[in-house]
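So the structure is just underneath, and the comments pick up after that.
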Amino acid sequence: MDSELKEEIPVHEEFILCGGAETQVLKCGPWTDLFCDQSVKRPKLLIFIIPGNPGFSAFYVPFAKALYSLTNRRFPVWIISHAGHALAPKDKKILKTSEDSNAQEIKDIYGLNGQIEHKLAFLRTHVPKDMKLVLIGHSIGSYFTLQMLKRVPDLPVIRAFLLCPTIERMSESPNGRIATPLLCWFRYVLYATGYLLFKPCPEKMKSFLIRRGLQLMNLENEFSPLNLLEPFCLANAAYLGGQEMMEVVKRDDEAIKKHLCKLTFYYSTIDRWCPKEYYEDIKKDFPEGDIRLCEKNIPHAFIIRFNQEMADVIADSLKDDLSKM
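Position 130 of the sequence shown, counting from 1, maps to 130 under full-length UniProt numbering, and the rest follow consecutively.
Here it is as structure tokens:
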């Protein structure tokens with residue numbers, strides 16, 4: 001896909017209040033309100049991307065654009081940030097719905113359980129009940145996706161993709177053994193360091209540092225993720241990470257078995273968060289499942305340089321399902 005084609009694809013940014021937390025939603029395609037559009041052209045399906053940690057939705061825009069184009073621009077592709085991982089700029093209005101204003105705030109919304117309820121709350125208040133869903137969870141987003149299916153079994157999900165799925169033994173993985181002491185034992189040191197380094201930092205300096213970092217990673221910066229250097233957002237990402245290490249331990253085989261026909265697992269061969277042995281174990285336990293091992297050397301952080309390749313995998317897998325829509 002050439003750069004001109006990418007730029008033609010509209011992406012709309014919204015900040016909403018969801019479960020009591022500011023939330024960034026990036027909407028790829030011309031549809032921004034699925035309730036108000038009652039025309040015959042209203043799409044019948046939403047592709048919904050749930051990020052890893054940190055849950056900065058801006059990182060997933062090139063992936064969403066590639067997927068939107070590969071599915072012939074027929075369906076909206078939306079990306080939701082994690083609660084507490086995005087703060088609206090001072091000049092940006094935070095939108096509410098009538099249901100949001102009356103809803104109870106979600107308990108421990110920045111933690112593992114709260115983040116799952118946060119995504120479910122968004123679907124309840126912003127997506128019509130009769131709209132079919134394709135869920136795409138990346139990393140811990142895969143865990144959220146699986147738990148969403150478990151908690152609300154009647155969600156109209158036709159397919160769920162779990163990409164580089166951190167759904168078990170996180171603290172035992174190669175990266176987990178490094179991250180666990182940092183996130184669980186020294187978390188407050190990280191908080192204090194982030195606050196001291198970035199709180200006094202001028203916005204122009206933060207913007208320059210982020211732009212430079214994105215250039216080095218070859219990432220587009222259509223929506224500059226200033227929250228990368230915001231102490232509040234970094235603290236919430238670290239808090240969620242600590243809970244991941246402590247609580248994402250045993251694979252939820254009951255949920256997998258119940259929803260196996262909808263699930264596609266995609267493991268990387270070079271993933272230090274869910275190593276190849278995790279793929280081999282789940283493949284052995286669920287031989288009839290759509291459980292794949294990547295043959296393209298796509299890394300865990302595919303959003304840095306492998307957006308097109310991952311979008312190709314998903315679009316190809318969805319051909320039959322989308323042809324019926």
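Where is the CB? At the ideal position from N, CA and C, for every residue including glycine. This structure is a prediction, so every number in the text was calculated from the model and none was measured.
Assign residue i to one of three DSSP states: helix, strand, or coil.
| i | result |
| --- | --- |
| Gly-19 | coil |
| Ala-160 | strand |
| Asp-232 | The sequence shown places Phe at residue 232, rather than the Asp named in the question. Helix, per DSSP. |
| Lys-27 | strand |
| His-12 | strand |
| Arg-177 | helix |
| Phe-48 | strand |
| Asp-2 | Note that Asp-2 scores 46 on pLDDT, short of 50, meaning its location in the model is unreliable; the coordinates nonetheless yield the value given after this. The answer is coil: DSSP assigns Asp-2 none of H, G, I, E or B. |
Taking the alpha-carbon positions, what's the residue i to residue j distance?
| i | j | result |
| --- | --- | --- |
| Ser-101 | Gly-19 | Its pLDDT being 46, under 50, Ser-101 is placed unreliably in this model, and the value from its coordinates should be taken loosely. Their backbone Cα atoms lie some 9 Å apart in a straight line. |
| Trp-31 | Gln-115 | 25 Å |
| Lys-324 | Lys-93 | 38 Å |
| Leu-146 | Lys-27 | 23 Å |
| Ala-121 | Thr-180 | 29 Å |
| Trp-273 | Thr-125 | 33 Å |
| residue 356 | Met-170 | Within the shown structure, residues of the chain are numbered from 1 to 325, placing residue 356 beyond reach of any answer. |
| Ala-255 | Asn-113 | 16 Å |
| Ile-304 | Trp-185 | 29 Å |
| Leu-17 | Gly-84 | 11 Å |
| Asp-154 | Ile-136 | 17 Å |
| Tyr-266 | Thr-23 | 27 Å |
| Ser-142 | Ala-238 | 18 Å |
| Phe-306 | Lys-129 | 33 Å |
| Leu-240 | Ile-140 | 10 Å |
| Lys-6 | Ile-47 | Caution applies to Lys-6, whose pLDDT of 47 falls short of 50 and renders its modelled position unreliable; the value that the coordinates give is listed next. Distance between the alpha carbons of Lys-6 and Ile-47: 18 Å. |
| Ala-301 | Glu-288 | 27 Å |
| Gln-308 | Arg-159 | 20 Å |
| Met-246 | Lys-257 | 24 Å |
| Lys-296 | Leu-183 | 31 Å |
| Ala-58 | Tyr-279 | 29 Å |
How about residue i and residue j: are their beta carbons less than 8 Å apart?
| i | j | result |
| --- | --- | --- |
| Val-248 | Thr-166 | yes |
| Leu-45 | Asp-312 | no |
| Ala-66 | Ile-49 | no |
| Gly-52 | His-118 | no |
| Glu-14 | Leu-95 | yes |
| Glu-172 | Arg-251 | no |
| Cys-294 | Ser-317 | no |
| Pro-76 | Gly-111 | no |
Is it buried or exposed, residue i, if we count other Cβ atoms within 10 angstroms and call 16 or more buried?
| i | result |
| --- | --- |
| Cys-261 | exposed |
| Asp-281 | exposed |
| Cys-233 | buried |
| Asn-72 | exposed |
| Glu-244 | buried |
| Lys-132 | buried |
| Phe-35 | exposed |
| Asn-236 | buried |
| Ile-298 | buried |
| residue 331 | Beyond the ends of the chain as shown, which are 1 and 325, falls residue 331; an answer cannot be given. |
Enumerated in chain order, which unbroken segments of the alpha helix (DSSP H) with a length of 4 residues or greater are wholly contained in the segment 86-155?
98-102, 112-126 and 140-151
List, from N- to C-terminal side, the alpha helix (DSSP H) runs of 4 residues or more that fit wholly inside the segment 244-320.
253-259 and 276-285
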